[in-house]
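To convert, note that position 341 of the sequence shown is 388 in this note's numbering; the numbers rise steadily by one, no gaps.
Here the structure is laid out as structure tokens; the discussion comes afterwards.
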Amino acid sequence: DPGKEYATAYIALGSNLQGDARLGIIEEAISELGRCLGPILGTSCLYETVPAFDVCPKGVVHDVFHPFYLNAVVKLRTPITDPWYVLEILKNLEAKTGRPLPTPEDMEAALNDCTSSGEATNEDVPGQGNKGASRKGDWKEALKKDKYVRGAPRLLDLDLLFFDKNGRSVVIHPDVRPVDKQWPLTLPHPRIITRNFVLFPLCDLDPEYIHPVEGMSVKELLRINLERRRIHLLNAAEEARQTQELAAKTNSETSGDHIACSHRCAPPASLHFVHNYRIDGSLAIPRRCFAATTEELWTLGGDAGIVDTLLYIEDVKTHADQIIKVGGEEALSEVQRTQLLRLQRLEKTLREEHPLKLMGILNVSPDSFTDHFSASVDEAVAAAEAMVTDGADVVDVGGEATNPFRVAGEVPLAVERERVVPVVQKILDKLGNRVIISVDTMKAEVARDAVTAGADWVNDQTGESRKGGEGDPLSFVVGNSTTVVLMHKRGTPDTFDGYQDYDDVVHEVGSWLASMSEALQRGGVGRWRILADPGLGISKNPEQSFELVRGVQRIRQMLPTGIPQLLGFSRKRLVGWGVGESAQDRKGPPTTATVEGRRWGGAAIAAWCAANTDAVTVVRTHDVKDTRLVRDVTERIQGVKSTINLMEKEPDMAPLYSFW
Numbered sequence: 048d049p050g051k052e053y054a055t056a057y058i059a060l061g062s063n064l065q066g067d068a069r070l071g072i073i074e075e076a077i078s079e080l081g082r083c084l085g086p087i088l089g090t091s092c093l094y095e096t097v098p099a100f101d102v103c104p105k106g107v108v109h110d111v112f113h114p115f116y117l118n119a120v121v122k123l124r125t126p127i128t129d130p131w132y133v134l135e136i137l138k139n140l141e142a143k144t145g146r147p148l149p150t151p152e153d154m155e156a157a158l159n160d161c162t163s164s165g166e167a168t169n170e171d172v173p174g175q176g177n178k179g180a181s182r183k184g185d186w187k188e189a190l191k192k193d194k195y196v197r198g199a200p201r202l203l204d205l206d207l208l209f210f211d212k213n214g215r216s217v218v219i220h221p222d223v224r225p226v227d228k229q230w231p232l233t234l235p236h237p238r239i240i241t242r243n244f245v246l247f248p249l250c251d252l253d254p255e256y257i258h259p260v261e262g263m264s265v266k267e268l269l270r271i272n273l274e275r276r277r278i279h280l281l282n283a284a285e286e287a288r289q290t291q292e293l294a295a296k297t298n299s300e301t302s303g304d305h306i307a308c309s310h311r312c313a314p315p316a317s318l319h320f321v322h323n324y325r326i327d328g329s330l331a332i333p334r335r336c337f338a339a340t341t342e343e344l345w346t347l348g349g350d351a352g353i354v355d356t357l358l359y360i361e362d363v364k365t366h367a368d369q370i371i372k373v374g375g376e377e378a379l380s381e382v383q384r385t386q387l388l389r390l391q392r393l394e395k396t397l398r399e400e401h402p403l404k405l406m407g408i409l410n411v412s413p414d415s416f417t418d419h420f421s422a423s424v425d426e427a428v429a430a431a432e433a434m435v436t437d438g439a440d441v442v443d444v445g446g447e448a449t450n451p452f453r454v455a456g457e458v459p460l461a462v463e464r465e466r467v468v469p470v471v472q473k474i475l476d477k478l479g480n481r482v483i484i485s486v487d488t489m490k491a492e493v494a495r496d497a498v499t500a501g502a503d504w505v506n507d508q509t510g511e512s513r514k515g516g517e518g519d520p521l522s523f524v525v526g527n528s529t530t531v532v533l534m535h536k537r538g539t540p541d542t543f544d545g546y547q548d549y550d551d552v553v554h555e556v557g558s559w560l561a562s563m564s565e566a567l568q569r570g571g572v573g574r575w576r577i578l579a580d581p582g583l584g585i586s587k588n589p590e591q592s593f594e595l596v597r598g599v600q601r602i603r604q605m606l607p608t609g610i611p612q613l614l615g616f617s618r619k620r621l622v623g624w625g626v627g628e629s630a631q632d633r634k635g636p637p638t639t640a641t642v643e644g645r646r647w648g649g650a651a652i653a654a655w656c657a658a659n660t661d662a663v664t665v666v667r668t669h670d671v672k673d674t675r676l677v678r679d680v681t682e683r684i685q686g687v688k689s690t691i692n693l694m695e696k697e698p699d700m701a702p703l704y705s706f707w
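Right, dumping it as structure tokens:
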């Protein structure tokens with residue numbers, strides 16, 4: 048409606064309870080925001096953040112065993128132009144998810160009562176077992192019994208960050224509240240400028256957005272907060288050094304004295320020594336994540352996003368050791384032991400994770416030109432098992448070949464479904480969560496049935512020929528929390544070679560991928576669920592395909608920040624061209640001799656991808672073991688995950704932001 052007034056809202060989302068359910072809670076909240084407020088314009092990347100304690104009441108000991116948060120920001124357009132009404136909707140959504148909602152006045156009074164009586168110590172993880180706390184009248188008991196305080200864990204946290212009307216960012220001072228409004232509101236949100244877990248997502252969406260009070264862009268505010276982080280860590284390191292020197296000096300002066308040094312000299316009153324951590328979520332660089340599944344989150348953006356997480360885990364482990372040293376294993380609560388175990392697993396994952404992931408190709412179509420066609424379900428599952436053993440992170444199951452040598456025409460829906468779905472079911476039964484299952488298809492019905500059977504990804508092969516509607520695989524992806532690969536192509540396998548006319552292949556392919564990524568976000572799909580595939584060798588000649596390989600960084604700059612690329616080049620004609628095959632050899636299916644040459648050529652492209660993991664996150668390959676070896680050696684050359692000075696070196700922000 049051109050005559051209707053609209054506002055633009057930037058809303059932060061966070062969740063740190065229910066473990067692996069966190070992402071599902073955030074994605075459901077995004078759907079609710081779209082229904083209650085208006086259409087989504089975009090989502091940020093997803094971030095995992097160590098606990099932040101900047102709103103904890105004075106006198107409350109910070110519980111370092113808090114679960115880690117998942118954070119994101121959405122930008123939406125709403126016909127609701129009253130920001131207080133928007134805030135009320137956010138509070139109602141929080142309550143619907145199980146967060147107690149006392150009025151601010153009652154909360155303040157109860158907190159004062161709790162802290163004065165010494166009850167709100169926050170030593171356990173609040174909110175556990177407190178599903179009834181949102182019922183009217185129960186919040187006060189929950190506040191005292193479960194120590195529910197500001198900054199405590201919660202299923203869902205929603206904050207209104209910015210609110211734009213008539214092209215201007217609304218400013219509301221904290222002492223201005225209409226008498227008919229229950230909740231106080233400050234705009235912009237007063238803690239934006241000090242919270243990295245908010246600044247990073249905002250920078251993904253609108254790095255040039257000008258904070259109306261600070262008069263600086265979001266990316267400038269992020270640079271300032273990162274400088275605060277650097278100084279903070281330097282000060283913490285200096286305090287630790289001085290304390291160690293003082294302890295050593297005191298011990299030498301009191302040799303033989305059984306009085307502990309800690310009883311003779313008070314430690315510095317810093318976060319490190321009072322609350323047992325060196326940095327919290329406000330200053331820490333959060334870990335940018337790609338949702339391989341709702342439970343499995345891959346790290347994006349290099350080491351910058353894991354350094355502070357590892358630092359915090361190190362501090363929690365040290366604190367746990369101190370507790371055990373004094374009171375034994377039983378001194379740790381069950382909640383603390385559970386969180387400690389979770390952090391130890393996360394630490395192992397972060398130290399061992401490869402930036403470049405491998406997708407194994409599992410063809411269950413007799414039209415496949417490779418030697419990986421599996422004629423039976425058991426044969427296909429055995430092939431998938433071998434790929435996982437060789438190092439595959441993902442197995443891509445395809446029931447319709449897209450090579451130009453297959454039998455002409457489209458595979459009927461019933462035939463493709465019968466080829467794919469039983470294989471997906473059996474792989475899930477046999478391998479469980481050892482591998483991510485992807486389905487390679489152009490049909491929404493196959494995508495839906497495969498995901499129902501256990502597939503995690505939809506590798507959408509529709510490209511520019513999509514017609515939309517219920518037959519479009521993307522129509523299923525929207526609203527179903529499914530990770531999707533967007534592949535660019537023109538025409539069909541029968542007509543690919545007639546669609547190779549590009550003025551600038553990198554620009555045209557990158558623009559299409561960016562446009563489709565933005566359309567998916569407007570449909571409510573999180574940026575963390577989208578992979579972009581330039582479609583090497585498909586409606587592109589070899590020269591154009593290699594131009595796309597060289598142009599992965601250029602495509603990265605065109606895509607919305609944080610959307611990774613997948614490259615599929617394995618054994619294709621473009622690789623044959625690269626290794627010097629004759630034009631005649633490239634006209635037919637590859638022979639044993641040409642496959643060998645293409646394996647070597649593919650290894651070179653795999654090494655290129657491993658050297659550009661800020662742009663490319665997944666390679667699709669028939670030769671999983673070969674590709675793994677190439678990747679691992681390339682990582683050694685680059686020093687990826689090197690333990691040498693990982694914690695001391697200044698984080699490199701360039702892999703996170705192309706403009707850095």
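Even for Gly, the Cβ is constructed at its ideal location relative to N, Cα and C.
For threonine 436, the number of other beta carbons within 10 angstroms of its own is below 16, and it is reported as exposed.
Excluding the 5 residues flanking it on each side, alanine 427 has same chain C-beta neighbours closer than 7 Å at Leu409, Val411, Ser421 and Val470, in chain order. Residue environment for valine 482: buried (at least 16 other C-beta atoms within 10 angstroms of its C-beta). Less than 9 Å divides the Cβ of glutamate 492 from the Cβ of arginine 464. DSSP, reduced to helix, strand and coil, places glutamate 511 within a helical segment of the structure shown.
Taking a contact to require three or more Cβ pairs closer than 8 Å, the region 318-338 and the region 52-64 do not qualify as touching. For methionine 534, the secondary structure class from DSSP, reduced to helix, strand or coil, is strand.
The C-beta distance from valine 120 to histidine 366 rounds to 31 Å, too long to meet the 8 Å contact threshold. Alanine 430 sits in a helix when the DSSP states are folded into three classes.
Residue pairing by DSSP puts isoleucine 483 in a beta bridge opposite Val441. Less than 9 Å divides the Cβ of valine 666 from the Cβ of arginine 678.
Residue environment analysis places glutamate 141 among the buried positions, since at least 16 neighbouring C-beta atoms fall within 10 angstroms of its C-beta.
Following the DSSP letters along the chain, one finds methionine 563 inside the alpha helix (DSSP H) bounded by residues 552-569.
Valine 226 sits exposed, since fewer than 16 C-beta atoms from the chains shown fall within 10 Å of its C-beta.
Counting along the chain, no beta strand (DSSP E) covers tryptophan 624; the unbroken alpha helix (DSSP H) around it starts and ends at 620-625. Within the DSSP bridge table, the entry for glutamate 95 names Leu117 and Arg334 as partners. Residue pairing by DSSP puts aspartate 204 in a beta bridge opposite Gly61. Taking glycine 262 as reference, the option from Ala429, Trp504, Val223 and Arg215 with the minimal CA-CA separation is Arg215. Leucine 117 and glutamine 547 have their C-alpha atoms some 42 Å from each other. Between arginine 384 and arginine 82, the alpha-carbon positions lie close to 39 Å from each other. In the three-state reduction of the DSSP assignment, leucine 403 falls in the coil class. Scanning Glu643, Leu268, Met700 and Val442 for the CA closest to the CA of arginine 620 turns up Glu643.
Taken atom to atom, the span from the alpha-carbon of glycine 66 to that of proline 114 is near 8 Å. For the set Ala662, Lys473, Pro589 and Glu342, the Cα lying nearest the Cα of glycine 627 is the one of Pro589. A Cβ-Cβ distance of about 13 Å is found for the pair valine 572 and tryptophan 504, leaving them out of contact under the 8 Å criterion.
Judged by DSSP in its simplified three-state form, phenylalanine 209 adopts strand. Contact between the region 292-299 and the region 68-78 is absent: fewer than 3 CB-CB pairs across the two stretches fall below 8 Å. The secondary-structure analysis by DSSP pairs glycine 89 across a beta bridge with Lys122. Arginine 618 and arginine 513 have their alpha carbons spaced roughly 26 Å apart. Here valine 524 has Val505 and Val531 as same chain residues with Cβ atoms under 6 Å from its own Cβ, once five neighbours each way along the sequence are excluded.
If you look at valine 671, you'll find it isn't in any beta strand (DSSP E); it sits in the alpha helix (DSSP H) that goes 671-685. By the Cβ-count criterion, proline 459 is exposed, with fewer than 16 other Cβ atoms from all chains shown falling within 10 Å of its own Cβ. For arginine 464, the uninterrupted alpha helix (DSSP H) segment begins and ends at 460-478. For isoleucine 278, the number of other beta carbons within 10 angstroms of its own is below 16, and it is reported as exposed. Excluding the 5 residues flanking it on each side, aspartate 204 has same chain C-beta neighbours closer than 6 Å at Gly61, in chain order.
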